[in-house]
Structures are given as structure tokens and as C-alpha cells.
Amino acid sequence: MKTKILITVLFFTGVFNIINAQETIKTLGVDGFPEATDTGDIYYKDVNNYFTNFLGEWLYDDGTTYFKVTFIKMERVRMGPTNTYHDKLGCEYLLKINGITMYDTYGANSNINTSSIANHIVGTGVYDYRPNKIDLTYREPPLNGGCHRYASGNLLLEYTPILGSADELIWTRTNNQLYGDTTECNDGTQMDTSEFLIPATMVLVKQ
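Note that the sequence shown covers residues -21 to -1, 1 to 186 in mature numbering (1 follows the signal peptide of the UniProt record, and there is no 0).
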């Protein structure tokens, strides 16, 4: 019996080692970023833990706008139909304006484990020469029940450690230029063409 167990363990260990041996691990932010043209089994891994400073809950509250966001590290996410994988930063958030909830992507409304781009703020844009900054792609949920917003943007986060106090996160969004006049999704659903609601610039405090 012990011999059978040992053989089984050795078999699965061998299979695991073969799979790992076939996969090339690249350091995210040092060896580049995942590309649609990548071939073979490649994993762009956050080896240097650049994401760590951004993780957890952050808060902005100016009395009118209340914005809470929780950043989460998503590991070994597959890139489309390829055998390329990567770590990326994702988030869930709650936005209230004058006490009225505008967005809530927590819990049952979470966008973390879905491929939808409707309300994604995600990305992998870290570099070894600026470890306290990360670039993310940016969208907000549609307000009209449509497929997603026509507008999109880019988000730069800068982690700022504060000695003797809570750390801060500088949030700077730039909007992408809109091209063409397409305001429908592939299924014919109308896109939301309204402006973003989350402030473009904020300083959030670590909770």
C-alpha cells in the first residue's frame, strides 16, 4: 500500500515538474509585459512584489464625494485564448455622491473575476525604475444599464509612504480621446456616453 502511495506521489510530482519546466516565468516590469504575439507557455509574474504597496483598502472623502477602493492582486490570469499568463492589479469600489450610492462593485457586484470591461480598473503597468507607480486601464460602470461606457481612460497610481501617519495614494486619471461615432456594442445595446463620475484626481488614505 505504501509503495502504491509513493508511486502515485512521485508520478504527480513528475507531471507537475514537467509542466513547470515547460513554462517560462518572466519578471513583470523587468522582462516586459504580456503581448498578444507571445507564443509558448509564458507567465509574467510579479516576482519583485511591486503590487504590494497598492494592496488593501483606500479612502477619499471630501464631504461630498465618498470613494472607497480595495485593490487586489490577481495571480496567473490567462490572456485571452493564448498560453500567456500574468499577474495584474484589480479593484472593487464604492462611490457615493451626497450620500447617494452611484457605484458599488463589492460582493455580489464584484468585477474581479469576470472578463467584462464594463467597470474594470485593472492593469500590470509597473516598472523597475519606478516601483511606487502603476498604470492601469480605466472604465466606469454604465449608468443606463447599457453594455459599457463609450469613454475610457488611463489611471496612474502613485504610492506615497507617510512617516508616522497613514500612507497615501495619489490617483490621476487621464481620459482617452474618443474615435469614431460608434455608440453601440456588438449586440446592438447602446453604450453610456455620459461623463465619468469618479474624480480624476484624488489623494486617498490607507485604511
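Glycine included, C-beta positions come from ideal geometry on N, C-alpha and C. Source: prediction; values computed, not measured.
Cβ-Cβ distance between LEU135 and THR116 below 7 Å: Working through the sequence shown from its first residue, we reach residue 135 at position 156. Working through the sequence shown from its first residue, we reach residue 116 at position 137. No. Outside cutoff.
What does the alpha-carbon distance come out to for the pair MET58 and ASP66? For the purposes of this step, residue 58 is taken as the residue at position 79 of the sequence shown. For the purposes of this step, residue 66 is taken as the residue at position 87 of the sequence shown. Taking the straight line joining both Cα atoms gives about 10 Å.
Taking only three categories from DSSP, how would you classify ASP171? Taking the sequence shown and counting its residues from 1, the one referred to as residue 171 is at position 192. Three-state result, ASP171: strand.
Counting only the same chain and skipping the five closest in sequence on each side, list residues whose C-beta sits under 7 Å from that of PHE50. Residue numbering aside, residue 50 sits at position 71 when the sequence shown is read from its first letter. Excluding residues within five positions, the ones whose Cβ falls inside 7 Å are PHE33, LEU34, GLY35, LEU68, CYS70.
Hey, ASN111 and GLU147 are a contact pair by Cβ (cut 8 Å); roughly how many whole angstroms apart? By 1-based counting over the sequence shown, the position of residue 111 is 132. By 1-based counting over the sequence shown, the position of residue 147 is 168. About 11 Å separates the two Cβ atoms, so there is no contact after all.
Only counting runs of 3 or more residues, tell me where the beta strand (DSSP E) segments fall wholly within the region 38 to 85, in order along the chain. 44 to 57, 63 to 76, 79 to 83
For ARG118, count neighbouring C-beta atoms within 10 Å of its own C-beta (all shown protein chains included) and say buried if the count is 16 or more, exposed if not. If you number the sequence shown from 1, residue 118 lands on position 139. ARG118 should be labelled buried.
Helix, strand or coil for THR31 per DSSP? Position 52 of the sequence shown holds residue 31. Looking at THR31 - three-state DSSP - the assignment turns out to be helix.
Through-space distance from LEU38 to LEU183, alpha-carbon basis: What you label residue 183 is simply residue 204 of the sequence shown in a count that begins at 1. What you label residue 38 is simply residue 59 of the sequence shown in a count that begins at 1. If I take the Cα positions, the gap works out to 5 Å.
Just the Cα atoms here: how many angstroms apart are THR180 and THR153? For the purposes of this step, residue 180 is taken as residue 201 along the sequence shown, with counting starting at 1. For the purposes of this step, residue 153 is taken as residue 174 along the sequence shown, with counting starting at 1. THR180 and THR153: Cα-Cα distance of roughly 9 Å.
Per DSSP, cross-strand counterpart(s) of ASP114: If you number the sequence shown from 1, residue 114 lands on position 135. In the DSSP output, where bridge partners are listed per residue, ASP114 has GLY104, LEU135.
Please classify ARG55 as buried or exposed, where buried requires at least 16 other C-beta atoms within 10 Å of its C-beta. Reading the sequence shown from its first residue, position 76 is the one you call residue 55. ARG55 comes out exposed.
Distance between ASN62 and ASP41 (C-alpha atoms, nearest Å): Sequence index remark: in the sequence shown, residue 41 carries index 62 (1-based). Sequence index remark: in the sequence shown, residue 62 carries index 83 (1-based). Roughly 45 Å between the two C-alpha positions.
What residues match up with ARG128 in a beta bridge as DSSP calls it? On the sequence shown, position 149 is the one that residue 128 refers to. Paired residue(s): ASP171.
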